[in-house]
Structure formats: C-alpha cells, structure tokens
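In my numbering, the protein residues as written are 56 to 334.
Ideal Cβ placement from N, Cα and C applies to all residues, glycine included.
Quantities reported herein were computed from a predicted structural model and do not represent experimental measurements.
What follows is one structure encoded as structure tokens, with my remarks underneath.
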DNA sequence: AAGGCGGGGGC
DNA sequence: GCCCCAGCCTT
C-alpha cells in the first residue's frame, strides 16, 4: 500500500491522549467535554469522570446535581446535564453500551452530527464523516485554498469531504484532526512542518502571509508615510523571524536608495500591490 | 440562518 | 481587548 504522508506524520507526531485507548464510554465522555473546550483543560477532568463513573449506568445512578458539580468550571454546564441524561438512556435502552450506529447515537441528548461521527469513528473504528473545526480548517486550506471554513458545514462541504475518505476512515479522521490541531492551526500555522505543504492550495496562493506583508497590505499606500512605517517596522523586528525583507535590511552593501528599491520590488512581488519609492 | 451558551489561555 | 477552542440546540 502506498504510504500516506498524513498517516505517516500522524504516527510520528500524535499526542498520547488517554481517550485514544479507552472504552466507548470513555470516548463519549471526552467528546462531550471537548465540545468547544481545549484538550489541555479537558485532560484532568476526563480522568476524574472516567474513574468515578466507569460505565454509563454508574453516572446514571448518581444525581443530576452530582454531575453538574463534578463538571466544575469546564464551561457550558448544560453538557453535564445532557451527558447525565444520555447515560441514563444508554443504561435503560441500550443495555449500558454506548450505541455504535449514527442513528442510535443521534437519539442521545447532546450528541449532534459531529459527536455522533466522532464516537462511531474513534470508539468503534467506523468510517464516519467527522467534521470538527480542525478537520474543516485543514481541508478549507489544503483543498479550497481559503483560510477558514464557513461557520457551519454546508451540504456541498459534506459531500466533497465524504468523497475524500479513504479505506481506513477512522485513522484518517484522527490524523487530519491532529494535523489541524497541531500544525494547521487557526493562527500562525506551522506550515514548514506540514506533510502536505507542497500540494496545499492555500499555500500555493501565497499564504500564510508574513507579518510584514500583512502590514504592508494594510498600509496599502505608496507614499512616503507608508514607507516610513514599513522601515520602522523592520527596525522594531530585527530579532523577528528571518524574512526576505529582514535580510535586505541588513545587507550593508546596499546603498539606501538601492535598498529601498529592493524592498519595493519585494513588496510588489509579495503583495501584488504597486509601491513607489519615496525619495 | 442566526443567536445563545462558559470559561480560560494566547497574543 | 479580541480570538479561539474535537458543538449543540432553539428561534
């Protein structure tokens, strides 16, 4: 089988998260806690819950108030109530086993489209269409060439993403999600570490822009004042990441006039805008 | 298709 | 201060 650069990257770089090797109930607890809450903050609370309530029936046997209190300060406490209600439904209607089918999962309170797919995929290895914010952002960039996905997935997006799912869809979902979380991040993505940077549509379109290019675009001017701001920015960022502009700035062999000319050429190339030289 | 719902960390 | 985070549910 052909090696997949994404799966290869995943094998080498994945985090050792406790819900990667646990019961379906453990996966379900993690998915509820991870709804709009970062991994870092979920970790201790997940251990606390899975130790205290090892199966759905255990949680269902506790009072709702206990669940709410144990939720602590994770945020969106309604999730604790819904998880408690889901546990009762699982104990009562599903023989204390977290359902495997999307249809059954969706009957549980607090289980939406994403969470159902995530449980089916991560707990049972099903090739479900998992579309969390990490996966959606990764594909928005690498495939569509745009920085961010729409607020909620459209039917078109669902259809196009479903076509991409390979044989082992569960592993693929975990890998792309991790890639979005660790490399293709919302702010300051680490493109140099990305296994698909060479075929990324967003990158091919010239993104992400460097800070200096973003600023120069924001200035959008061609007059002396804009150039002054640019030069000031370069002075203030001497220790910043090495950019072409930074190198030019430190090239002592260039005369002031020639330096400005080089900077202007670079900006035109990088931004597509026209910059006139300030004398 | 919007808007509400929590709280904490990063810049 | 604003943005972001493995979303869900009700208008």
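Reduced DSSP category for residue i - H, G, I as helix; E, B as strand; rest coil
{"i": "residue 135", "result": "helix"}
{"i": "residue 128", "result": "coil"}
{"i": "residue 247", "result": "helix"}
{"i": "residue 217", "result": "helix"}
{"i": "residue 62", "result": "helix"}
{"i": "residue 97", "result": "helix"}
{"i": "residue 82", "result": "helix"}
{"i": "residue 183", "result": "coil"}
{"i": "residue 119", "result": "helix"}
{"i": "residue 108", "result": "coil"}
{"i": "residue 177", "result": "helix"}
{"i": "residue 188", "result": "helix"}
{"i": "residue 233", "result": "helix"}
{"i": "residue 70", "result": "coil"}
{"i": "residue 210", "result": "helix"}
{"i": "residue 147", "result": "helix"}
{"i": "residue 165", "result": "coil"}
{"i": "residue 155", "result": "coil"}
{"i": "residue 242", "result": "coil"}
Rounded distance between the beta-carbons of residue j and residue i, thought under 8 Å
{"i": "residue 192", "j": "residue 204", "result": "6 Å"}
{"i": "residue 216", "j": "residue 237", "result": "The pair is not a contact, with the Cβ atoms about 20 Å apart (cut-off 8 Å)."}
{"i": "residue 63", "j": "residue 250", "result": "7 Å"}
{"i": "residue 199", "j": "residue 256", "result": "6 Å"}
{"i": "residue 174", "j": "residue 82", "result": "6 Å"}
{"i": "residue 107", "j": "residue 129", "result": "In fact, because the Cβ distance is near 15 Å, the residues do not count as touching under 8 Å."}
The ligand SAH heavy atom lying under 8 Å from the CB of residue i
{"i": "residue 230", "result": "Judged by which ligands are present, the structure shown has none, so any question about the ligand SAH falls away."}
Proximal residues to residue i (C-beta, below 6 Å), its chain only, five neighbours per side dropped
{"i": "residue 79", "result": "153, 178"}
{"i": "residue 176", "result": "183, 185, 225, 228"}
{"i": "residue 166", "result": "160"}
{"i": "residue 89", "result": "97"}
{"i": "residue 115", "result": "142, 143, 146"}
Contact under 9 Å by Cβ, residue i with residue j
{"i": "residue 218", "j": "residue 189", "result": "no"}
{"i": "residue 111", "j": "residue 141", "result": "yes"}
{"i": "residue 145", "j": "residue 163", "result": "yes"}
{"i": "residue 65", "j": "residue 195", "result": "no"}
{"i": "residue 84", "j": "residue 104", "result": "yes"}
{"i": "residue 132", "j": "residue 98", "result": "no"}
{"i": "residue 4", "j": "residue 100", "result": "The question about residue 4 has no answer, for the chain in this structure spans 56 to 334."}
Beta-carbon contacts of residue i that lie in its chain and below 7 Å, excluding the five residues immediately before and after
{"i": "residue 69", "result": "233"}
{"i": "residue 248", "result": "238"}
{"i": "residue 241", "result": "192"}
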